[in-house]
Amino acid sequence: MKLTRFIQKLILWELLVGMMVVIRNQFRPKVTVQYPKERIPLRPRFRGVPRLRYDPKTMEELCISCLLCEQICPDDCIAIKWEKAPSGKGRVLKDFIIDYQRCCLCGLCVDPCPTKPLTAIYMSHDYELAGSDRLDLVAGRTDLHEGRTVTIYDK
Amino acid sequence: MPTDDTKPPAGTPPPRETPPPAPKPPVKPPDPLLAVVSCPAPDRLREVLPGRVSEPHFFAGEVTLTVAPDHLLEVCQFLRHDPACSFELLADLTGTDFPDEEKRFRVVYHLASLRNGQRLRLRTQVGQEESLPSVTPVWPGANWFEREAFDLLGIQFDGHPRLVRILMPDDWVGHPLRKDYPLPGYPEHHLRYRTADITRRSYVDISWKATGERAADIVKKYKGNVGAPESAPHVPMPVDDTNGQETGS
Amino acid sequence: METQMFITILISVVQISIVLSLVALSVPLLILMERKVIGFMQSRIGPKRVGPSGMLQTIADGLKLLLKEDIIPDRADKWVFRLAPMIVLVPAFVAFAVVPFSGTGLNVFGQRITPWVTDLNIGILFIIAISSVGVFGIILGGWASNSKYPLLGALRSAAQMVSYEVPLGLALVGGLMWAGTASMVGIVEAQREAHLWFFIPQVVGTVIYFMAGVAETNRAPFDLAEAETELVSGFHTEYSGMRFGLYFIAEYANMLIVAAVATTMFFGGWLRPFPNVSWLAFLDIFNFILPGQWGPFMSGLMWVIIKVSCFIFLYYWIRATFPRYRYDQLMSIGWKWLLPLALANIMGTGALLLWLGQTG
Amino acid sequence: MFRTQEMEINMGPQHPSTHGVLRLKLRLDGERVVDSWPVIGYLHRGIEKLSESKEFIKITPFTDRMDYVCAMSGNLAYLGAVEKLCGIKVPEKAAYIRVIMVELNRIASHLLWLGTHALDIGAMSIFLYGFREREMILDLFEAYCGARLTYNAFRISGVPADLPPGWKEECTGFLKLFRQRHREYEQILTANRIWLKRTKDVGYMDAEHCLALSVTGPVLRAAGVARDLRKDEPYAIYDQLDFDIPVDDGCDTYARYIVRMAEMLQSVHMVEQCLEKMPSEGPLMGMKGRRMKPRKDEEIYFAIEGPRGEQGVYLISDGTDRPYRCKFRNSSFANLQALAPMVQGGLVADVVAIIGTLDIVLGDSDR
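Protein chains in written order, with this note's numbering: chain A, 45 to 199; chain B, 28 to 276; chain C, 9 to 368; chain D, 1370 to 1736.
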């Protein structure tokens, strides 16, 4: 036993074992993702920047201007403008602004959203937020519905 | 995502304030949070050092003892070395600012005993002009915690090996965790960085010029607040220029 | 007479330029291969974007280095700072003068062109002597930067090179005793006559030589002089642009030299494995493909390239696997283990040769 | 004739191996460290000040950003403190999910430590192997909560969502793979003579000094003290799990390596148990609504065993739904105090190894 260990030590056995692990990994599949060209498929729950949505059936505004998301936002990045509905009850959404510069993508705004079953505000799968102007990152209502245009580089 | 049953149904106008009704306060008679837990430390202190600490306060299974600054070091020594207490670990040391109280800083020491599996909170009050004895002789690890409390709250600790700022820059003015520290900071100090001192070149202080307007607004805003700039505490700042004569332990 | 002399000079110039360009061209290839090989070992794919599957990446990097601003630190010793990279680079290339790239020469226009620039009878000594000049470039570069991290790197490098020159040289002595000559070509010929790669009787010598060679070229796990996680990048922290590039090229050229010497000394240079076993002759494939003198020439070149590549691959493999030694540990390995082992190896070889001489 | 002089050198804040923005003023005698003075605060963002003006629920995203390597532990420590303050019970299923996430995060954190520590010492490949496996854990987190680094995965009194379909299988597959990969890391490093030389007797600190300097976590356990809050003060459902506390007597960098490597396997074991024992049905949130009413003028301290040691939160309530004071006791801050005594007398190369072995995250220490 002692002799084996001595011989192992002499022929640098443990170094060779380590080198074999490395060479074994040479033949494993590579894990690199060439980002702008290839993208990792996102999981359904992925939290990108928050966006608004219409009711998919009626194409009406889902948001009822209840201001819950504005209240819970830890970064104060949501601002909602609304006015009384002409019929007297309820509110009409005038504008919905999210400052993506401040948004920390925590997803807390989605939790209290009262519209069921689809929440009016949801975490989209957009994550490419670079812009050349700070104002690019302040999204108004139309931006929030249609999403920001993202240049996709394929090479 | 979790559902909330107190939501107004979709379509109906929600009330302007939509707080879900607050949960009923826990059942009055026996509050489980206030249960008394067994801890040998208060009894031992009562036996050996009578009158030094207050009666224990129990909350959520934690024991709090209040001690006067004069007896702090003595009590700490005892708690550290007494075999029945044996609080080897100073888990945390921090302060809180209560500007309305007479002695505005409340400093807490969270002690833990590995041998007995106990925890204890030691609490003391200290005024703005007063100072506390440093507990670094008992727990050397208090060094950085005390530096942090000094940095963020301006609490002085006597006998600390080297009480200099730790988180904020050395030339910072004011102690940010005080309740009267304005959230934007003291504009006359924090908006300019002393580049000229560092590079030894005459520099036009661009940041100050560019934000001059805004700075004025900030001044206007916080001058109305309680305890603002006149009482802006200016503690003479020991600038860290001795280059580590003390090895941090 | 004068024409003959002119032709000789011309041939030499041609040889030198061929060798220089060969080495200079193989450096980008080595860098690319290093990035690719280590990338593959680490489950990555390495450079991919410039040229077909990243083939032109090093060229692009080299161009970038050339076009970069030449920054000399404010308080550096300017002349030494400029000189240092050249002191490193020139010996690295000069040492290739005695490296035989193949066995047989070529007859072009009635002139014999040898596959080595010159065959000094002290070839090995020449290489050792020349390559130890390179250390001055590193020390001077680190010192002239007038900065603290480079200074530490230079000091480490000085100590390291000085202590590893000794086992490096001594490890080769065993081989020299077998060969009976210090000429690089002579050593290979001796291996052909002995029907034996000197690797076999000189296992210990080979291992010591390779370890010392890795240390000598400042490669992992002995890359203390640059040690990017400790000294940022050691002696060339302050270098940028092509001056940094020169250091880089010299490092790889030195690796080639170490590999080439090991090939020649211990692995039979341009000889195929078992050169005396005739049925293995098919391994020299170029003998059958190419006509006349080109066949043996290309076969020899092929074997040299294969053997050198194996060594270079070993370099990469080790770099990908091992942690780095510490400065004092490096010293103690050099002086306490490698040096006594090398001396013992010499003594053992001497005893073996004496015994063989008496019996055979 | 010859004059020797000590050299002062500035390591960091931009140095490849100071793990972020730690700055170390070193005084060197040749390569030997005579003295050192760590400077922190480059990442100070005033999270404690900020927390005083936010409701309890809004503070969770900040805890993600303190120790961004193990944000789940940060979430759990903070939420545990709030729940303790308000006396809220967490449903069993939610507690199981929390423990699964925290333990997976511990593996991820230790993998990052392993990679960067080994890279600092010079072993290159293991860095990328570690990141490769860490990426799989991040995939699991993304599938559960939607984020890969700053999770914000728990809410006060529970978790916001159940495990997605297929998550358990993916997790089990990962754990199985991870056991094999763990063996490979050991093959590369554990017996490697260079690794042994670089880590044995480097950064020696015995139990007494560790405790005196408030050092906790694997560093303390590698000094022979079996201090683990998961056993000593079980929170969540740790009292229902079967696990060991790896302890080593070496007190040096190598012992910490051994302890952390063993901890990864223990975490794998724990996650396997949790997946098995977790009730398939049950509520996820322990309370309705989100307005807190803690008792006035009370204070609590709640600590969990994070990957780097005791991760505590100290809260003072003034009866409103915002904390009057919110102090985070982060292990990196306390552990960093041990740096100066550890590097004293070592070489420059040891400084790098010691920074690695303390496993500091500067966002954690600066807050």
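Note that beta-carbon positions come from the ideal geometry of N, C-alpha and C, so glycine has one too.
The structure displayed is predicted, hence computed values, not measured ones.
> Residues in its own chain within less than 7 Å of T163/A by CB, not counting five upstream and five downstream?
Replying inline: V154, C157
>> Let me make sure I understand the geometry here. Which of E1679/D, E1577/D, M1647/D has the alpha-carbon closest to that of T1585/D?
In response: E1679/D
> Looking at the structure shown, is V116/C part of a helix, part of a strand, or coil, going by DSSP?
Replying inline: strand
> At a Cβ threshold of 8 Å, is D336/C touching chain D?
Replying inline: yes
>> Just list the residues that DSSP pairs W1406/D with in beta bridges.
In response: K1394/D
> By the criterion of Cβ-Cβ separation under 8 Å, what are the contact partners of L117/B in chain D?
Replying inline: S1583
> Given a limit of 7 Å on CB to CB distance, which residues of the stretch 75-101 of chain B reach chain D?
Replying inline: F86, A87, E89
> Which ranges does the beta strand (DSSP E) cover as unbroken runs of at least 3 residues, wholly within the stretch 169-194 of chain A, from first to last along the chain?
Replying inline: none
>> Distance cutoff 8 Å, beta carbons only. Does Q1706/D sit that close to anything in chain B?
In response: yes
> Three-state secondary structure (DSSP) at L1480/D?
Replying inline: helix
> Skipping 5 residues on each side, what residues in its chain have a beta carbon closer than 7 Å to that of D221/A?
Replying inline: With chain A represented from 45 up to 199, any question about residue 221/A goes unanswered, as that position is not in the structure.
>> Please identify the residue among S1386/D, D1398/D, G1381/D whose C-alpha is closest to the C-alpha of R1372/D.
In response: D1398/D
>> Please list, in chain order, the chain C residues whose beta carbon lies closer than 7 Å to that of Q52/A.
In response: Under the 7 Å cutoff, chain C gives no residues; its nearest Cβ is about 16 Å from Q52/A.
>> Quick check on this structure: which residue in K156/C, I138/C, V27/C has the alpha carbon closest to the alpha carbon of G242/C?
In response: K156/C
>> Between G1651/D, D1613/D, E1650/D, which has its C-alpha nearest M1639/D's C-alpha?
In response: D1613/D
> Between which two residues does the beta strand (DSSP E) containing D97/B stretch?
Replying inline: Segment 96-108 is the alpha helix (DSSP H) holding D97/B; no beta strand (DSSP E) there.
> Using a Cβ-Cβ distance under 8 Å, would T112/C count as near chain A?
Replying inline: no
> Which of the three DSSP states, helix, strand or coil, is assigned to K247/B?
Replying inline: Note on K247/B: pLDDT 47, under 50, position unreliable in the model; the coordinate value appears next. If DSSP states are grouped into helix, strand and coil, K247/B belongs with the helices.
> Exposed or buried, M63/A, counting other C-beta atoms within 10 Å across all chains shown (16 or more means buried)?
Replying inline: buried
> Can you check whether the CB of V285/C is closer than 8 Å to the CB of S110/C?
Replying inline: no
>> Can you tell me whether R131/B is helix, strand or coil according to DSSP?
In response: coil
> Per DSSP, G122/B is paired with what?
Replying inline: V134/B
> Buried or exposed: which applies to R227/C, given that a residue is buried once 16 or more other Cβ atoms fall within 10 Å of its Cβ?
Replying inline: buried
> Are the C-beta atoms of M45/A and some chain C residue less than 8 Å apart?
Replying inline: no
> Closest by CA to R1677/D, which one among D1666/D, T1726/D, Y1411/D?
Replying inline: T1726/D
>> From the DSSP secondary-structure annotation, give me the bridge partner or partners of H84/B.
In response: T91/B
>> Against chain C, with Cβ distances strictly below 8 Å, would R83/A count as a contact?
In response: no
> So, using beta-carbon positions, are L112/A and T159/A closer together than 8 Å?
Replying inline: no
> chain B beta carbons: is any one of them nearer than 8 Å to that of I1673/D?
Replying inline: no
> Do the stretch 130-149 of chain C and the stretch 90-106 of chain C touch if we need at least three Cβ pairs shorter than 8 Å?
Replying inline: yes
> What number of angstroms, rounded off, separates the C-alpha of K1662/D from the C-alpha of H202/B?
Replying inline: 30 Å
> Thinking C-alpha only, which one of L254/C, Q337/C, I132/C, Q119/C is nearest L178/C?
Replying inline: I132/C
> Based on the DSSP output, what are the partners of Q12/C in its beta bridges?
Replying inline: Partner(s): none; Q12/C has no beta bridge.
> Which runs of the beta strand (DSSP E) spanning at least 3 residues fall entirely within the stretch 1616-1701 of chain D, listed in chain order?
Replying inline: 1665-1675, 1678-1687, 1692-1698
>> Excluding the 5 residues flanking A68/C on each side, which residues of the same chain have their C-beta closer than 7 Å to its C-beta?
In response: V58
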